[in-house]
Amino acid sequence: MRAAWTPAALVAAMLTLGACETGGVWANVPADNSPDGLACRVEAENDPEAKRIASTMTSGNAAHDEVVRQELLALLPRLYRACMQRRGAIRGGVEPVRRTTF
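Take the sequence shown: its letters are residues -27 to -1, 1 to 75, numbered as in mature numbering (1 follows the signal peptide of the UniProt record, and there is no 0).
What follows is the structure, encoded as structure tokens:
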């Protein structure tokens, strides 16, 4: 019998996808250890849309999991930049070039 995904398991799965701060789904987010950078990473991680996407992860469908990873690769940098702009840590302007893999 397969266990149901709990909120903690979903966040753990999302973080497992990222494996480290500079790779995985976080590959497109700058490694910024400032208070603003750390707070914005947490905010992006806890965003309802990011959690919804991460919740669709499976443990056996590699093709679907790659689609989920690509969605997070695009979403997390947008959430991070929006947070950093709200905090005044970065200025708005031209969107940086997106990496699609790590």
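Glycine is no exception: its CB is placed at the ideal position from the N, C-alpha and C atoms.
- Within the region 30 to 70, not a single complete beta strand (DSSP E) segment reaches 3 residues in length.
- Residue 14 and residue 8 have their alpha carbons spaced roughly 10 Å apart.
- By the CB criterion at 8 Å, residue 12 and residue 45 fall outside the cutoff.
- Between residue 52 and residue 33, the alpha-carbon positions lie close to 28 Å from each other.
- Of the residues 43, 64, 29, 37, the one whose Cα lies closest to the Cα of residue 1 is 43.
- Of the other Cβ atoms in all chains shown, fewer than 16 fall within 10 Å of the Cβ of residue 36; this residue is therefore exposed.
- Distance from residue 38 to residue 30 at the Cβ level is roughly 6 Å; contact confirmed, criterion being Cβ atoms closer than 8 Å.
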